[in-house]
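Asks: According to mature numbering (1 follows the signal peptide of the UniProt record, and there is no 0), the stretch in the sequence shown is residues -20 to -1, 1 to 183, in order. Glycine included, C-beta positions come from ideal geometry on N, C-alpha and C. Bear in mind that the values here come from a model prediction, so they are computed numbers and not experimental data. Take this structure first; my questions come after.
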Amino acid sequence: MKKLFLIAFAAVISAPAAWAQTSYISDNLFTYMHSGPSAQYRIIGSVDAGTKVTLVQTNKKSGYTEVVDQRGRKGWVESKYVTKTEGMITRMPRLEKELVQVKAKLASFNEKADKEQEGLVRSLESRNAQIAEMETNYKKVSDQLLSAQTEVRELRARIDTQKEDLLLRYFMYGGGVAGLGLLFGLLLPHIIPRRKKSPNGWA
């Protein structure tokens, strides 16, 4: 009974998988392909690292997996050298192609960024020139305004001085006229002789 159980167990673990699966031979090595599920079977060839193979079945007891390579050869290799991860040999061409595409996109992006930066620099220089011109014009206007304010103050000072001079002249003229009138009033009786009074009245 025990012997029958072992035979049934071996049959189960050596049974082929329900469908073939795509696998790869591990990188950095090559492995021999045997005609049976162990190293004691005849070597029928070798499989390079990274080679794409089709997994047929796995014998867990012996640690070997049956595969079919791209040349159509069918044989057994050690299971530890079979992986689901794509090898560098097959990935490298695609990665190089993707790298070329990325570099092209990066170059296009850099060119576009350089053009945009150049446009921004020109725009900034133009704005700076406009600001400098506005500052210059503002300084000129400020200087003109300051000069005008100074001139207005000087004119106001002149007007005030002229008013004072005019008032002083009016006062002097008025005083002179009043003095002359007084002097004339005092001198007039002495200049014009009085008429002598006759017995009959004024002569």
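State the Cα-Cα distance for the pair lysine 60 and glycine 52, rounded to the nearest angstrom.
Replies: C-alpha separation (whole angstroms): 21 Å.
Asks: Whole angstroms is fine: what's the gap from phenylalanine 10's alpha carbon to leucine 75's?
Replies: 22 Å
Asks: State the Cα-Cα distance for the pair aspartate 123 and glycine 155, rounded to the nearest angstrom.
Replies: If I take the Cα positions, the gap works out to 47 Å.
Asks: Distance, Cα to Cα, lysine 64 vs glutamate 46?
Replies: Their Cα atoms are separated by approximately 14 Å.
Asks: Can you give me the C-alpha to C-alpha distance between glutamine 142 and phenylalanine 164, rounded to a whole angstrom?
Replies: 32 Å
Asks: State the CB to CB distance for the pair serine 26 and tyrosine 12, rounded to an integer number of angstroms; the pair is presumed to be in contact (CB under 8 Å).
Replies: Confirmed, about 5 Å.
Asks: Which value, in whole angstroms, describes the spacing of the CA atoms of glutamine 20 and glutamate 66?
Replies: 29 Å
Asks: Is lysine 54 near valine 62, with beta carbons less than 8 Å apart?
Replies: no
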